[in-house]
Amino acid sequence: MTLTNKVALITGGNGFLGQYFVTALKNAGATVVVTDRDNAEINLDVTSKSSITDAFEQAISKYGKVDIVINNAALDPKFDANAEQNAKLFENYPEELIKQSLDVNLLGYTLVAQEAIKRMLAQGSGNIINVSSIYGVVGPDQSIYPEGTQKPVDYFITKGGVVMLTKFLATTYGNKGIRVNTLTLGGVFKGHGKDFTDKYGARTPMGRMANPEEVGGPLVFLASDNSSYMTGANLIVDGGLTAW
Ligand SMILES: NC(=O)c1ccc[n+]([C@@H]2O[C@H](COP(=O)([O-])OP(=O)(O)OC[C@H]3O[C@@H](n4cnc5c(N)ncnc54)[C@H](O)[C@@H]3O)[C@@H](O)[C@H]2O)c1
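In this text, residue positions in the sequence shown follow this note's numbering: the first is -7, and each later residue adds one.
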């Protein structure tokens, strides 16, 4: 149990991967504060500073401290040829959708980190993990998506920004007992069709998408003292996709 006596707060904890992250953290012995925009143990909307402050206050009054913060809540535009927003090509992609992603995926992570850093400076220690994607590291191969459509740009520019947020925080607070790392994930299987999984698999040295059970271990590693000399790093869990 590597996370015994640790309190971990996760954003977007009700989502697809959030639930696997929460289970892994609990299995490692952590007390987990599951937050989400709504319907969570503690509601935390990452686009609202007052909601973030309020959630941290609730967590600290309930559990005494927050040792680990996982920035996970993000808009992840899924490819769906029938959905108008995703059917649009880059040259037509609406400004409002880009702003929405910037607000949640990039400004949201930054505002949560600001609140976390304040608390962690006061307690003299802390650990922040920013969840990113291979699409924060490499551009898309649009040919794996259905013809005439594209994976939208907002995911790439925000996920790339997250990698730099990590580096900024790591170098600025490295001497204050606070570690900050990125956990970069490749595509995780969630009932995708065979056409997509075949194309995605062909682009991946391991030949397949991740299974959701495979994301928790790397998160627990970054959250625990097993990674005590790591900060500013980007742990890439992608079946080798970005090695090609
Ligand atoms: N699923 C994948 O294949 C995959 C691959 C690589 C990276 N990721 C990353 O993993 C993380 C989780 O992805 P997921 O697949 O679980 O997504 P998801 O859409 O299933 O979950 C996202 C969660 O964030 C919450 N959320 C949205 N806006 C919010 C806001 N304003 N405030 C608070 N919460 C808000 C949603 O309610 C939801 O519960 C994301 O950062 C994503 O970029 C996912």
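Note that the Cβ used here is the ideal one computed from N, Cα and C, for glycine as well. Just so we're clear, the structure is a prediction, and the values are computed from it rather than from any experiment.
Skipping 5 residues on each side, what residues in its chain have a beta carbon closer than 7 Å to that of residue i?
i: Thr234; result: Ile126, Val129, Val130 and Ile228
i: Asp133; result: Arg195
i: Ala105; result: Asn63, Ile120, Leu157 and Leu161
i: Asn218; result: Thr(-6)
i: Tyr85; result: Pro144 and Val145
i: Gly4; result: Gly10, Asp28, Asn64, Ala65 and Ala66
Go ahead and label residue i buried or exposed: buried means 16 or more other beta carbons lie within 10 angstroms of its beta carbon, across all protein chains shown.
i: Asp290; result: Nothing can be reported for residue 290: it is not among the residues displayed for the chain, which extend from -7 to 236.
i: Tyr221; result: exposed
i: Thr27; result: buried
i: Gly10; result: buried
i: Glu107; result: buried
i: Asn97; result: buried
i: Asp187; result: exposed
i: Asn122; result: buried
i: Thr308; result: Since the first residue of the chain shown is -7 and the last is 236, residue 308 is not available in this structure.
i: Thr164; result: exposed
i: Phe8; result: exposed
i: Ser42; result: exposed
Only counting the same chain, and skipping five residues up and downstream in sequence, which positions put a Cβ closer than 6 Å to that of residue i?
i: Ala162; result: Val172, Thr223 and Gly224
i: Ser93; result: Leu67, Asp146 and Thr150
i: Leu1; result: Val25, Ala51, Val58 and Val61
i: Leu17; result: Ala0 and Val24
i: Glu139; result: none
i: Gly118; result: Met112 and Ile170
i: Arg29; result: Asp37
i: Gly166; result: Thr223
Since residue i contacts residue j with CB under 8 Å, what's their CB separation in whole angstroms?
i: Gln142; j: Leu81; result: 6 Å
i: Thr23; j: Val(-1); result: 5 Å
i: Val212; j: Val180; result: Not really, about 16 Å apart at Cβ, beyond 8 Å.
i: Asn35; j: Ala51; result: The pair is not a contact, with the Cβ atoms about 12 Å apart (cut-off 8 Å).
i: Gly116; j: Gly169; result: 5 Å
i: Ala32; j: Asn74; result: Actually they do not touch by this definition, with Cβ atoms about 29 Å apart.
i: Thr174; j: Asn226; result: 4 Å
i: Tyr12; j: Pro210; result: 11 Å between Cβ atoms; not a contact.
Cutting at 8 Å between CB atoms, please list the residues of its own chain near residue i, excluding the five before and the five after it.
i: Ala202; result: Leu177, Gly178, Gly179, Val180, Phe181, Val229, Asp230 and Gly231
i: Leu89; result: Pro69, Gln77, Pro144 and Asp146
i: Gly199; result: Gly193 and Gly231
i: Thr15; result: Gly208
i: Ser135; result: Lys191
Check your understanding: Using 8 Å as the Cβ pair cut-off and three pairs as the minimum, do the stretch 53 to 67 and the stretch 97 to 113 touch?
Key -> Touching, per the Cβ criterion.
Check your understanding: So, do the stretch 15 to 32 and the stretch 45 to 55 have three or more beta carbon pairs nearer to each other than 8 Å?
Key -> Contact holds: three or more Cβ-Cβ distances are below 8 Å.
**Study point:** Segments assigned alpha helix (DSSP H), at least 4 residues, entirely inside the stretch 137 to 176
**Key:** Every alpha helix (DSSP H) of 4 residues or more that sits fully in the stretch 137 to 176 is shown, in chain order, as 145 to 165.
Check your understanding: Whole alpha helix (DSSP H) runs in the stretch -2 to 42 with 4 or more residues, listed along the chain?
Key -> Entirely contained in the stretch -2 to 42, the alpha helix (DSSP H) runs reaching 4 residues are, in chain order, 8 to 19.
Practice item. Enumerate, from N- to C-terminal direction, the unbroken alpha helix (DSSP H) stretches of 4 or more residues contained entirely within the stretch 89 to 137. Key: Entirely contained in the stretch 89 to 137, the alpha helix (DSSP H) runs reaching 4 residues are, in chain order, 100 to 115.
Point to revise | Sequence ranges, beta strand (DSSP E) only - wholly within the stretch 172 to 222, length at least 3 | key: Along the length of the stretch 172 to 222, whole beta strand (DSSP E) runs at least 3 residues long do not occur.
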